[in-house]
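A.B. asks: Have a look at the structure that comes next, please.
Number of protein chains: 2
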Amino acid sequence: MNEPDWNLYRTFLAVMRKGSLSAAAREVGLTQPTVGRHIDELEVQLGRSLFTRSQQGLLPTDTARALLPFAETLAATSASLMRQLSGRADRVEGVVRITASEIIGVEVLPQILRHLQWDYPDLTIELSLSDSVEDLLRREADIAVRMTRPAQDALVARHVGEIELGLHAHPDYLERFGTPQNLADLAQHSMIGFDRKTAFIRSTAKDMQSLMPDFPSLDDIEWSYRTDSNLGQLTAIRAGLGIGICQVQLARRAPTLQRLLPEFRFPLPTWVAMHEDLKTAPRCRATFDALVTGLRDYVTEAGRA
Amino acid sequence: MNEPDWNLYRTFLAVMRKGSLSAAAREVGLTQPTVGRHIDELEVQLGRSLFTRSQQGLLPTDTARALLPFAETLAATSASLMRQLSGRADRVEGVVRITASEIIGVEVLPQILRHLQWDYPDLTIELSLSDSVEDLLRREADIAVRMTRPAQDALVARHVGEIELGLHAHPDYLERFGTPQNLADLAQHSMIGFDRKTAFIRSTAKDMQSLMPDFPSLDDIEWSYRTDSNLGQLTAIRAGLGIGICQVQLARRAPTLQRLLPEFRFPLPTWVAMHEDLKTAPRCRATFDALVTGLRDYVTEAGRA
DNA sequence: TCCGGCTCATTCATTTTTGTATAGATGCTT
DNA sequence: AAGCATCTATACAAAAATGAATGAGCCGGA
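Going down the list, the protein sequences come from chains X and S.
Just so we're aligned, residue 1 is where the first sequence starts under the UniProt record's numbering, counting upward by one.
Just so we're aligned, residue 1 is where the second sequence starts under the UniProt record's numbering, counting upward by one.
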């Protein structure tokens with residue numbers, strides 16, 4: 001089995017994404033026969049069938065599905081390389097791609113990045129907001145803001161402090177439905193929580209359980225509003241839909257939310273991480289530093305406010 | 001700036017590695033003019049000069065050096081993909097690449113992998129022995145044995161226990177030069193240690209210092225035998241050259257080494273890690289499981305012996 | 001039912017890429 | 001200093017990849 005041309009993987013990826021030779025051809029700027037030939041050749045080189053062809057399009061085989069993450073890594077690496085070359089190497093300019101959770105990206109980063117933009121007008125910032133964490137590994141982003149300690153492996157990582165989570169509600173809600181006096185009272189309230197449980201939520205819930213044994217088990221709580229989006233939860237709390245968990249710093253902003261039962265607290269260790277390869281690139285360095293100082297300020301807002 | 005053909009990166013990598021168009025051409029199976037044209041085209045597409053050409057070969061520019069890690073990631077991903085396709089997808093066969101420290105790879109893994117090989121004769125095991133840890137990120141290996149906790153990010157990781165380090169010496173050495181009665185005595189002995197200090201060694205030394213304040217600072221010790229290779233240190237201890245640090249399990253093997261000052265102990269948390277993408281591949285699964293159980297046995301040898 | 005949308009496959013001319021052969025330049029060894 | 005190794009650059013012919021055009025099958029809407 002020979003190593004195929006790397007270009008074939010790019011075509012393969014396009015076909016996987018688009019589901020047909022023709023659509024893939026349009027995406028990559030080739031023609032449909034060429035894309036078809038690329039797939040043929042890749043199948044020959046790898047000695048496996050990749051698609052079952054039909055007039056409606058191509059259906060990927062198990063082999064093709066297994067190959068997809070590799071092709072995506074290749075694409076992410078190439079994109080990362082292009083970013084690395086954007087702008088001059090000795091200036092803070094070009095494209096930087098940051099990944100962060102939705103809530104951080106929407107509520108916290110804009111203020112921080114504003115100053116960076118002002119200082120370096122030729123810097124273009126891409127924000128990839130998602131809670132899936134595999135972005136840095138695949139070079140899908142240059143810099144990541146994380147709530148877990150990153151491995152030291154080939155990463156430059158800086159701890160910026162702990163973001164504290166607490167129970168909050170809008171004053172209007174409390175006025176109407178009363179204020180819970182202890183954790184057990186929460187069972188009587190409209191609670192805002194998660195829809196499906198991801199691995200991260202499960203592990204966090206476990207930590208929470210061991211920290212605060214009084215807190216009712218997540219399974220016992222009757223959630224009255226469920227969404228997987230933290231941002232959706234924050235919006236719901238702000239709209240007075242019920243009691244939910246959010247960052248204490250965010251609760252201080254308008255509309256001001258009231259902190260409930262301050263004995264309920266859950267600190268999230270917060271990190272900024274970057275590929276080691278990028279630390280010599282000024283645009284990444286500058287962005288990294290701005291994020292670190294900005295987030296440090298944000299985290300310590302708790303003390304100031 | 002257009003995204004260049006991915007193939008050009010492969011040629012680029014070969015030129016970086018070999019240092020000349022001709023040698024690169026031989027490596028990738030092309031001809032020298034073609035390789036030269038590839039580089040030309042890549043330079044045009046990226047809008048940067050990559051090499052200064054000379055009759056002795058090509059000298060990479062800073063840009064080229066900055067691009068190298070990306071090209072290497074591409075190559076590693078492609079190689080990883082090929083491994084993924086080696087052997088049938090529903091059987092434990094094909095190629096698995098494991099990375100581990102030299103000492104684990106030489107002293108511990110062979111016994112563990114022997115049984116695996118017996119059970120699955122069509123399984124080919126590649127061992128990459130090095131203490132640089134960036135292998136998994138770049139898919140340079142499928143499975144890693146690590147002494148640090150890996151990040152959860154897209155990795156399947158299993159803790160197998162703690163490998164204990166202790167001070168050891170060969171009985172012959174002790175007979176001749178006496179047995180130290182406390183940590184301070186070590187200053188009078190021939191100590192076997194590290195040559196240059198890597199980041200890992202520095203951080204480990206710091207941990208060690210805080211665990212055992214009595215232990216003299218590494219800078220104060222007069223090392224009589226220095227090597228960065230842990231394996232070299234083990235060999236030196238076994239040869240009776242002096243007192244050094246090694247895994248207690250290894251000290252029990254022939255030639256049996258004597259443990260000194262058992263109050264000096266340093267547990268290394270040990271992990272087996274694998275890319276999440278690979279957990280469905282039987283050959284990786286089986287190897288992963290074998291490593292976990294094998295290393296668990298090895299770690300608990302302490303209790304048995 | 002027919003039409004227009006989509007799909008993939010095939011053919012053939014064109015373009016592009018590649019290899020062969022060769023020239024010129026440098027450095028090392030005899 | 002000559003010979004032989006290395007290297008890059010260039011010219012031209014051969015091979016390969018590509019695109020345009022076309023045929024044929026499937027599907028949904030008028």
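Ideal Cβ placement from N, Cα and C applies to all residues, glycine included.
Should Ile112/X and Leu291/X be called a contact, given that it needs their Cβ atoms to be closer than 8 angstroms?
C.D. replies: Yes. Within cutoff.
A.B. asks: Extract the residue ranges of the beta strand (DSSP E) inside the region 111-166 of chain S, only unbroken runs of 3 or more that lie entirely within it.
C.D. replies: Listed in chain order, they are 123-129 and 143-146.
A.B. asks: At 3 residues or longer, what runs of the beta strand (DSSP E) sit wholly inside the UniProt domain "HTH lysR-type" (4-61) of chain X?
C.D. replies: Complete beta strand (DSSP E) runs here, min 3: 51-54 and 57-60.
A.B. asks: Going by Cα to Cα distance, which pick from Pro171/X, Ala169/X, Ala157/X and Tyr225/X is closest to His275/X?
C.D. replies: It is Ala157/X whose Cα lies nearest to the Cα of His275/X.
A.B. asks: Where Lys279/S and Pro121/S are concerned, what is the direct C-alpha to C-alpha distance, given to the nearest angstrom?
C.D. replies: Computed Cα separation, rounded: 20 angstroms.
A.B. asks: So the candidates are Trp6/X, Phe266/X, Ala169/X and Gln56/X; which of them puts its Cα closest to the Cα of Ala23/X?
C.D. replies: Considering only alpha carbons, the answer is Gln56/X.
A.B. asks: Would His38/S pass as a contact of Leu8/S if the rule is Cβ separation under 8 angstroms?
C.D. replies: The answer is yes: Cβ separation under 8 angstroms.
A.B. asks: When the Cα of Phe177/S is compared with those of His159/S, Gly166/S, Gly240/S and Thr270/S, which residue comes out closest?
C.D. replies: Ranking the options by Cα distance to Phe177/S, first place goes to Gly240/S.
A.B. asks: Any C-beta of chain S sitting closer than 8 angstroms to the C-beta of Ser229/X?
C.D. replies: With 8 angstroms as the cut-off, Ser229/X does not count as an interface residue toward chain S.
A.B. asks: Give me the residue from Ala236/S, Thr73/S and Thr63/S with the minimum Cα distance to residue 307/X.
C.D. replies: The structure shown has nothing for residue 307/X, since chain X only spans 1 to 305.
A.B. asks: Have a look at Arg259/S and Leu155/X and give me their C-alpha separation to the nearest angstrom.
C.D. replies: Going from the Cα of Arg259/S to the Cα of Leu155/X covers about 37 angstroms.
A.B. asks: Ser78/X touches chain S at which residues, Cβ-Cβ below 9 angstroms?
C.D. replies: Neighbours of Ser78/X on chain S, chain order: Glu3, Pro4, Trp6, Tyr9, Phe70 and Leu74.
A.B. asks: Quick one: Cα of Cys284/S to Cα of Gly87/S, how far?
C.D. replies: Each residue's alpha carbon lies about 12 angstroms from the other.
A.B. asks: What is the rounded straight-line gap between the Cα of Met191/S and the Cα of Arg238/S?
C.D. replies: Each residue's Cα considered, the two are about 13 angstroms apart.
A.B. asks: What three-state label does DSSP hand Ala254/X in the structure shown?
C.D. replies: Three-state result, Ala254/X: coil.
A.B. asks: Could you name the residues of the region 89-111 of chain S whose beta carbon sits closer than 8 angstroms to any beta carbon of chain X, in the order they occur along the chain?
C.D. replies: Listed by position, the residues of the region 89-111 of chain S near chain X (Cβ gap below 8 angstroms) are Ala89.
A.B. asks: So if DSSP puts Leu268/S in a beta bridge, which residue, or which two residues, is it bridged to?
C.D. replies: According to DSSP, Leu268/S bridges with Ile163/S.
A.B. asks: Going by beta carbon distance, what residues of the same chain come within less than 6 angstroms of Ala236/X, once the five residues before and after it are set aside?
C.D. replies: The answer, listed in chain order, is Ile192 and Tyr225.
A.B. asks: Just grab the DSSP bridge partners of Ile98/X for me.
C.D. replies: In DSSP, Ile98/X forms a bridge with Leu127/X and Ile143/X.
A.B. asks: Where does Val44/S land, buried or exposed, given buried means 16+ other C-beta within 10 angstroms?
C.D. replies: Looking at its Cβ environment, which holds fewer than 16 other Cβ atoms inside 10 Å, Val44/S is exposed.
A.B. asks: Which residues, in chain order, does the region 233-263 of chain X contribute to contact with chain S at a C-beta distance below 9 angstroms?
C.D. replies: The region 233-263 of chain X vs chain S, Cβ under 9 angstroms: nothing.
A.B. asks: Please tell me whether Thr63/S has its Cβ less than 8 angstroms away from any Cβ of chain X.
C.D. replies: With 8 angstroms as the cut-off, Thr63/S counts as an interface residue toward chain X.
A.B. asks: In its own chain, which residues sit with a C-beta less than 8 angstroms from the C-beta of Asp172/S, not counting the 5 before and 5 after it?
C.D. replies: Result list for Asp172/S: Gly240, in chain order.
A.B. asks: May I ask which residues mark the beginning and end of the alpha helix (DSSP H) holding Gln233/S?
C.D. replies: Start and end: Asn230 to Arg238.
A.B. asks: Along the region 283-305 of chain X, what residues have a CB closer than 9 angstroms to any CB found in chain S?
C.D. replies: Against chain S - using a Cβ distance shorter than 9 angstroms - the region 283-305 of chain X contributes no residues.
A.B. asks: Is there a Cβ from chain X that is less than 8 angstroms from the Cβ of Gln84/S?
C.D. replies: So, interface residue.
A.B. asks: Could you check the C-alpha separation between Gly244/S and Thr148/S for me, to the nearest Å?
C.D. replies: Rounded to the nearest angstrom, the two C-alpha atoms are 22 angstroms apart.
A.B. asks: What is the DSSP secondary structure of Ser190/S, reduced to helix, strand or coil?
C.D. replies: Reduced to three states, the DSSP call for Ser190/S is coil.
A.B. asks: Would you mind stating whether Leu261/S and Leu167/S have Cβ atoms separated by less than 8 angstroms?
C.D. replies: Yes.
A.B. asks: Run the CB neighbour count on Ile143/S, radius 10 Å, all protein chains shown included, and call it buried at 16 or more, exposed below.
C.D. replies: Ile143/S should be labelled buried.
A.B. asks: Hey, out of Val160/S, Ser20/S and Ala184/S, whose CA is closest to Leu58/S's CA?
C.D. replies: Closest by alpha carbon: Ser20/S.
A.B. asks: Spell out whether any CB of chain S is found under 8 angstroms from the CB atom of Leu116/X.
C.D. replies: Answer no: the Cβ-Cβ gap between Leu116/X and chain S never drops below 8 angstroms.
A.B. asks: Applying a beta-carbon distance threshold of less than 7 angstroms, which residues of chain X neighbour Leu81/S?
C.D. replies: The answer, in chain order, is Leu67 and Phe70.
A.B. asks: Assuming Glu162/X contacts Pro267/X under a Cβ cut-off of 8 angstroms, what Cβ separation, rounded to an integer in Å, is found between them?
C.D. replies: Their Cβ separation, rounded to whole angstroms, is 4 angstroms, which keeps Glu162/X and Pro267/X in contact under 8 angstroms.
A.B. asks: Cβ of Ala169/X within 8 angstroms of Cβ of Leu257/X?
C.D. replies: For Ala169/X and Leu257/X, yes; Cβs fall inside 8 angstroms.
A.B. asks: Note down, in chain order, each residue of its chain lying with its Cβ closer than 8 angstroms to the Cβ of Gln117/X, except the 5 sequence neighbours on either side.
C.D. replies: Closer than 8 angstroms at the Cβ level, and outside the excluded window around Gln117/X, lie Leu123 and Ile125.
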